[in-house]
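Protein chains in written order, with numbering that gives the first Met the number 0: chain R, 0 to 227; chain D, 0 to 227. Backbone N, C-alpha and C fix where the C-beta goes; we use that ideal spot for every residue, glycine too.
Number of protein chains: 2
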Amino acid sequence: MNNAAILVIDDEVQIRRLLEITLESNSFNVESAETAKDGLRIAANHPPDLVILDLGLPDEDGHSVLKKLREWYTKPVIILSVQSSEENIVKALDNGANDYLVKPFRTGELLARIRSALRGMVSEENDPVVDAGDLQIDLAARTVKKNNETIKLTATEYKLLSLLAQHEGKVLTHQYLLREVWGPGYISQSQYLRVFIAQLRKKIETDANRPEHIITESGVGYRFIAKE
Amino acid sequence: MNNAAILVIDDEVQIRRLLEITLESNSFNVESAETAKDGLRIAANHPPDLVILDLGLPDEDGHSVLKKLREWYTKPVIILSVQSSEENIVKALDNGANDYLVKPFRTGELLARIRSALRGMVSEENDPVVDAGDLQIDLAARTVKKNNETIKLTATEYKLLSLLAQHEGKVLTHQYLLREVWGPGYISQSQYLRVFIAQLRKKIETDANRPEHIITESGVGYRFIAKE
DNA sequence: CAAAATCTTTATAAAATCTTTACACCCCTC
DNA sequence: GAGGGGTGTAAAGATTTTATAAAGATTTTG
Numbered sequence: 000m001n002n003a004a005i006l007v008i009d010d011e012v013q014i015r016r017l018l019e020i021t022l023e024s025n026s027f028n029v030e031s032a033e034t035a036k037d038g039l040r041i042a043a044n045h046p047p048d049l050v051i052l053d054l055g056l057p058d059e060d061g062h063s064v065l066k067k068l069r070e071w072y073t074k075p076v077i078i079l080s081v082q083s084s085e086e087n088i089v090k091a092l093d094n095g096a097n098d099y100l101v102k103p104f105r106t107g108e109l110l111a112r113i114r115s116a117l118r119g120m121v122s123e124e125n126d127p128v129v130d131a132g133d134l135q136i137d138l139a140a141r142t143v144k145k146n147n148e149t150i151k152l153t154a155t156e157y158k159l160l161s162l163l164a165q166h167e168g169k170v171l172t173h174q175y176l177l178r179e180v181w182g183p184g185y186i187s188q189s190q191y192l193r194v195f196i197a198q199l200r201k202k203i204e205t206d207a208n209r210p211e212h213i214i215t216e217s218g219v220g221y222r223f224i225a226k227e
Numbered sequence: 000m001n002n003a004a005i006l007v008i009d010d011e012v013q014i015r016r017l018l019e020i021t022l023e024s025n026s027f028n029v030e031s032a033e034t035a036k037d038g039l040r041i042a043a044n045h046p047p048d049l050v051i052l053d054l055g056l057p058d059e060d061g062h063s064v065l066k067k068l069r070e071w072y073t074k075p076v077i078i079l080s081v082q083s084s085e086e087n088i089v090k091a092l093d094n095g096a097n098d099y100l101v102k103p104f105r106t107g108e109l110l111a112r113i114r115s116a117l118r119g120m121v122s123e124e125n126d127p128v129v130d131a132g133d134l135q136i137d138l139a140a141r142t143v144k145k146n147n148e149t150i151k152l153t154a155t156e157y158k159l160l161s162l163l164a165q166h167e168g169k170v171l172t173h174q175y176l177l178r179e180v181w182g183p184g185y186i187s188q189s190q191y192l193r194v195f196i197a198q199l200r201k202k203i204e205t206d207a208n209r210p211e212h213i214i215t216e217s218g219v220g221y222r223f224i225a226k227e
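Written out as structure tokens, the structure is:
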């Protein structure tokens, strides 16, 4: 799960800063709270995918905060605490925490434990798809569908189409396409392009004589249009 | 979950004794293995509800054992290790471990972490089965059935098929398949792939000349299709 | 240790894809 | 309307990739 939302509840400003920077640079969305009260409010208004909770908050006992949170919150909670006593760890885990790290902690380990905790949560998510009306290009699965029928493309055809589709709306020059698909030694082989563009149009256009997706920009290159 | 079955894989006899006594007195069913080989065999024959794995086994690197286990095992795995380096911890967690405890550990904490790990599992499904119409691949039992008849596959054939099936719909490149099945030193041995794909098709396809499950993507790789 | 099973290697045919050629077309200018 | 640049298309080779069988080599099993 990428871009997961993480709520950090900790009263130490240095820790909050450190976590904000570390987590955001690992493409998590971070919200912070300084007190138990704030933390619980934010969690309720805007349920995150994971909570990092400091046990040593000033306004309320951490174990009690955890209990309140667990009354309704089912996603992972990771405890951070200066307390390393077994009693505290067992209590927190039995109150519903998924993990417990003693401060000072190593950021790499924290990140790995976050990934581990989030891993169990992923549901069948679909791949990112370039949608062009009657055409769907699934870059992860490497498939192209037209009106829900899978179209068989050769390696070169697919490479060309995926380049065009990823820069939807923009003109890609002959030079650029030749270099990216065939390699730097082929930038003068414009005929290759014509042949493969023609083959692509035959496969993906409803009427290859009146192309709607792959548009010729005479003298410059080709442009992919998504619109129906 | 009470009476959960726990498999302990550790070569130190004192640890095994300690865990057997501790866990059994907390009403878990315990099985023990002394080596990676034994551990993997027991896990496969008799899948436990949770595995406790020592990283420092004599016969095989612990990270490699974890990876093999995770190819099909979806329930919690807790790592025990004398290694406390961040590198080891991060690697183990990213290889699919749910938790990591450094030896010597406190039994109360271990018990709490076991309870925590089992807690998330209550509503988990049974054996993960990849269903492909006339084909059923049971990743936990390592069996493949076609029209309810069990098919005999060699270790390599099974590994290849299970990789393809786990990424249903996606193209897996030659490189990737060779690296995962044969190891990083074999990524140029495309002929191996062709031979084993042909053997697999002969076993699982209704008509090996017109494959419906294992599709060739010329110049790129192969793709597994589930739908009938 | 011998037999069986499996894996590796080689050889060859078939299929798929890429490259090249040839020519038609369009649009513009002269 | 002739000529020329840029483009589209079909189809014939050329090349690469794939499928398959089968012979050795190796490992596993009894």
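Collapsing the DSSP output to three states places D:Ala96 in coil. Residues of the segment 154-181 of chain R with a Cβ closer than 9 Å to any Cβ of chain D, in chain order: Ala154, Thr155, Tyr157. Rounded to the nearest whole angstrom, the CA to CA distance from R:Pro57 to D:Arg16 is 43 Å.
R:Arg105 has a beta carbon lying within less than 8 Å of a beta carbon in chain D. Sequence-distant Cβ neighbours of R:Glu23 in its own chain, meaning closer than 8 Å and more than five residues away, are Val29. By alpha-carbon distance to R:Ser161, the top candidate from R:Leu65, R:Arg222, R:Lys74, R:Glu86 is R:Arg222. Assigned with DSSP and collapsed to three states, R:Thr205 falls in coil, not helix or strand.
For the segment 32-60 of chain D, the set of positions with a beta-carbon nearer than 8 Å to some beta-carbon of chain R is empty. Contact of D:Gly119 with chain R is assigned, a C-beta pair being separated by under 8 Å. Annotation: the continuous beta strand (DSSP E) that includes D:Val128 extends over 128-131. In the DSSP assignment, D:Asn44 falls within the unbroken alpha helix (DSSP H) covering 35-44.
Between the C-alpha atoms of D:Val81 and D:Ser31 there is a straight-line separation of about 19 Å. In the three-state reduction of the DSSP assignment, D:Asn146 falls in the coil class, being assigned neither a helical nor a strand state. Classified as exposed, R:Asn44 has fewer than 16 neighbouring CB atoms from the shown chains inside 10 Å of its CB. Nearest CB-CB separation between D:Val89 and chain R: below the 8 Å threshold.
Residue contact with chain D for R:Leu92: present (Cβ-Cβ distance below 8 Å to some residue of chain D). Inside the segment 11-86 of chain R, DSSP marks whole beta strand (DSSP E) runs of 3 or more residues at positions 28-32, 49-53, 76-80, from first to last along the chain.
In this structure, R:Gly38 lies near R:Ile8, with their beta-carbon atoms less than 8 Å apart.
Under the Cβ criterion (8 Å, minimum of three pairs), the segment 137-155 of chain R does not count as touching the segment 99-116 of chain R.
If the five residues before and after R:Val219 are omitted, its C-beta is found closer than 7 Å to the C-beta atoms of Val170, Thr172, all from its own chain and listed in chain order. Annotation: the continuous alpha helix (DSSP H) that includes R:Gln174 extends over 173-180. Under the three-state reduction of DSSP, R:Ile224 is assigned to coil, being neither helix nor strand. For D:Leu6, the secondary structure class from DSSP, reduced to helix, strand or coil, is strand.
According to DSSP, R:Leu117 shares a beta bridge with no other residue. Looking at the backbone, the Cα of R:Tyr72 and that of R:Glu59 are separated by about 18 Å. As the crow flies, the alpha-carbon of D:Pro183 is around 21 Å from that of D:Thr153.
R:Ile224 and R:Glu204 do not touch by the CB rule: their CB atoms are close to 11 Å apart, not below 8 Å. DSSP places D:Thr153 outside any alpha helix (DSSP H), giving it a letter other than H or E. Taking the C-beta atoms as reference points, R:Thr106 is found no nearer than 8 Å to R:Thr34. Annotated as proximal: R:Ile196 and R:Ile213, with beta-carbon spacing under 8 Å.
Beyond the five residues adjoining it in sequence on each side, D:Ala116 comes within less than 7 Å, by CB distance, of Leu49, Pro75, Ile77, Asn97, Asp98 in the same chain, given in chain order. Residues of chain D with a Cβ closer than 9 Å to the Cβ of R:Ser24 do not exist, since the nearest Cβ in that chain sits about 16 Å away. For the C-beta of D:Ser217, the chain R residues within less than 9 Å are, from N- to C-terminus, Thr153, Ala154. Using a Cβ-Cβ cut-off of 8 Å, R:Glu148 does not count as an interface residue toward chain D, since no Cβ of chain D sits closer than that to its own.
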